[in-house]
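Enquirer: Number 107 in our numbering belongs to position 107 of the sequence shown; there are no gaps in the numbering.
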Amino acid sequence: MKKYLILFVMGVLACGCREKTELQKSYAFSQKAGFVRMAEGMKQNVDKYYVPDYAKAYAFADSAIAHSPDNPHFYSMKAVWYMWDGEYRKAVNTYQRLFGRGVFPAEQMYEAAQAYDSLHVMDSAAYFYRRALTAYREELDMLKNDTLSFEYEKAVSRIGRLEAMPGISE
Numbered sequence: 001m002k003k004y005l006i007l008f009v010m011g012v013l014a015c016g017c018r019e020k021t022e023l024q025k026s027y028a029f030s031q032k033a034g035f036v037r038m039a040e041g042m043k044q045n046v047d048k049y050y051v052p053d054y055a056k057a058y059a060f061a062d063s064a065i066a067h068s069p070d071n072p073h074f075y076s077m078k079a080v081w082y083m084w085d086g087e088y089r090k091a092v093n094t095y096q097r098l099f100g101r102g103v104f105p106a107e108q109m110y111e112a113a114q115a116y117d118s119l120h121v122m123d124s125a126a127y128f129y130r131r132a133l134t135a136y137r138e139e140l141d142m143l144k145n146d147t148l149s150f151e152y153e154k155a156v157s158r159i160g161r162l163e164a165m166p167g168i169s170e
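#1: Do you know whose CA, among Glu153, Asn71, Ser124, Met83, lies nearest Tyr136's CA?
#2: Does DSSP put Asn71 in a helix, a strand or coil?
#3: Which value, in whole angstroms, describes the spacing of the CA atoms of Arg161 and Tyr116?
#4: State whether the stretch 93 to 104 contacts the stretch 118 to 126, with contact taken as three or more CB pairs (one from each stretch) at a distance under 8 Å.
#5: Give a yes or no on whether the C-beta atoms belonging to Ser68 and Phe60 are separated by under 8 Å.
#6: Considering Cα atoms alone, identify which of Lys56, Met83, Phe99 is closest to Asn71.
#7: Output the distance between the C-alpha atoms of Met83 and Arg89, rounded to the nearest integer angstrom.
#8: In whole angstroms, what is the alpha-carbon distance linking Ala112 and Tyr54?
#9: Could you check if Pro166 is buried or exposed, using at least 16 other CB atoms within 10 Å of its CB as the buried criterion?
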């Protein structure tokens, strides 16, 4: 569990390292400070065996979302905790709240597709997998000058995985 927690934090930190969009510039507080607070909050929400206290984790995520409602990483954090807890329907609802705000990041669309896949709602899963594939392809075009970045490698990896899925690739 500790390994996955560290990988998740590293992934979230890497997502904040790319070029700043207008949405990112409008966050209620700087991303760096937000990620530090998020990582600290995650550490406080696990016991000595690295088992999450989900009630504390959900309360922490809710306060982060209330503070910065357009930050997709806080919604993702809460939804991932729901998926770890086996609450896939609540994870889907969390992603729908994010998408309802008009924010459609590739990573969160991919995670939403995985949540729908876990619920065996294949039409919705395929829809979000296709949207994630399109978004990753667009990201790849933006990242082509920085082929050594983690984001570029992740986009290439996800595109390969999504194109291999039957019925997903255009």
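Beta carbons are placed, not taken as given, at the ideal position from N, Cα and C, and that holds for glycine.
Expert: If we stick to the structure as given:
#1: Here the closest residue by C-alpha is Glu153.
#2: Secondary structure of Asn71 (DSSP, three-state): coil.
#3: So the alpha carbons of these two residues sit roughly 17 Å apart.
#4: Segments in contact, no.
#5: Contact flag unset, no.
#6: By alpha-carbon distance to Asn71, the top candidate from Lys56, Met83, Phe99 is Phe99.
#7: Roughly 9 Å between the two C-alpha positions.
#8: The alpha-carbon of Ala112 is positioned some 19 Å away from that of Tyr54.
#9: Counting other Cβ atoms within 10 Å of its Cβ, Pro166 stays below 16 and is therefore classed as exposed.
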